[in-house]
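Mind the numbering: the sequence shown is residues 927 to 1173 in the numbering used here, read in order.
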Amino acid sequence: MKKIIANVVSVVAMSLVLFQVSAAEIPQAVTAQLQNLVPSKVPSMVRETPVPGLYEARFDTSILYISADGRYLIDGSMLDMVQRKNLTEVSVEAARAEVLNGLDESEMVVYAPEQTKRTLTIFTDIDCPYCVRLHEERQALLDAGVKLRYLLYPRAGINSPSYDKSVNVWCSKDRAQAMTDAKSGVELESSSCETPIVSHIKLASAFGLKGTPHIVIDDGEVIGGYMPAKNLLQKLEIGRASCRERV
């Protein structure tokens, strides 16, 4: 199953169309230098930044800045000191949100509430204690209208016992129940089938995964590690108006 990676490519391709439409507005020196820097990829977006003569280039979820003449390259964060905002992180979150919107839920283990208000996409490891703790609190999130979408990320790597457990979950008839059973310590029947787990592992790098659970909010913001359900609900600001509330 390659749909997840294919969907990421599709999202990039759609962004590329936007890039091509506005390419005439981008200095040739910028496009030429970007091609020299990353010959194997086309940027998903190139646009002028608030700093005159400085352009932002997005490669999947990575951001680079390059001067209009192609001479200067900046690999780091751009901060707006007036608004006290990290402009680079805003761009990265937007890129992550694009990727999230392109993912195929048929290649995830999904727990859906009756009415979805917000969505969390979670890279999880069956044997991760904090992943287990978060899963044990899933009902509070579901009751509040939060959809949980699990991507399988066995930290010990391919062909490890954790990987085998992930395969057994995926190959079960009821993946959601199998996930709950596995995280509860139940030994699942050994199974074999085609899985998207390797695709999940590859995708994790685009989201800056350093450990599990790795939670990605539907607006592209990342929570690196466990957060109690009550704190997650506060973070999502469900039930009260906010500038980040979903419509």
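Idealized CB from N, CA, C, for every residue including glycine.
- Assignment of VAL972 by DSSP, reduced to helix, strand and coil, places it in the strand class.
- Under the DSSP assignment, THR1014 falls in the alpha helix (DSSP H) whose first and last residues are 1013-1028.
- Comparing C-alpha distances from LEU1067 to each of THR1045, VAL956, ALA994 and ARG973 shows the shortest one belongs to THR1045.
- In the DSSP annotation of this structure, the continuous segment of the alpha helix (DSSP H) that includes SER1125 starts and ends at 1123-1132.
- Under DSSP, ARG1075 shares a beta bridge with VAL1036 and THR1047.
- With the rule of 3 Cβ pairs closer than 8 Å, the stretch 1096-1111 counts as touching the stretch 1050-1064.
- In this structure, PRO969 lies away from LEU980, with their beta-carbon atoms at least 8 Å apart.
- VAL1095 and ARG1064 have their C-alpha atoms spaced approximately 18 Å apart.
- Judged by their CB atoms, PRO1139 and LEU1060 are nearer to each other than the 8 Å cut-off.
- When C-alpha distances from ALA1038 are compared across GLN1103, ILE1149, ASP1090 and VAL972, the shortest belongs to GLN1103.
- Counted as a single uninterrupted DSSP element, the beta strand (DSSP E) harbouring GLU982 occupies residues 980-985.
- In the three-state scheme derived from DSSP, where H, G and I count as helix and E and B as strand, LEU1067 is classed as helix.
- By the beta-carbon neighbour count (other beta carbons within 10 angstroms, threshold 16), THR1047 is buried.
- Selection ASP995, TYR991, ASN962 and VAL1142 evaluated against ASN1027 yields VAL1142 as nearest (Cα-Cα).
- Note on LYS1091: 16 or more other CB atoms within 10 angstroms of its CB, so buried under the neighbour-count rule.
- Distance from the CA atom of GLU1031 to the CA atom of SER1098, rounded to whole angstroms, is 16 Å.
- One thing to note: ASP986 has its Cβ within 8 Å of the Cβ of ALA1021.
- Remark: three or more beta-carbon pairs, one from each stretch, lie closer than 8 Å, so the stretch 1072-1082 and the stretch 1115-1135 are flagged as touching.
- Inter-residue distance for ASN962 and LYS1043 is about 43 Å (C-alpha atoms, whole angstroms).
- Around the beta-carbon of GLU982, 16 or more other beta-carbon atoms lie within 10 Å, marking it buried.
- Annotation: the continuous beta strand (DSSP E) that includes SER993 extends over 988-993.
- Apart from the 5 residues on each side of it in sequence, MET1004 sits with its Cβ closer than 7 Å to the Cβ of THR975, TYR991, LEU1013 and THR1014 in its chain, given in chain order.
- Annotated three-state conformation of LEU999 is strand, per DSSP.
- Rounded to the nearest angstrom, the Cβ distance from SER1017 to ILE1000 is 13 Å, too far for a contact under 8 Å.
- With respect to the 8 Å criterion, GLY1146 and GLU1019 are classified as neighbours on the basis of their beta carbons.
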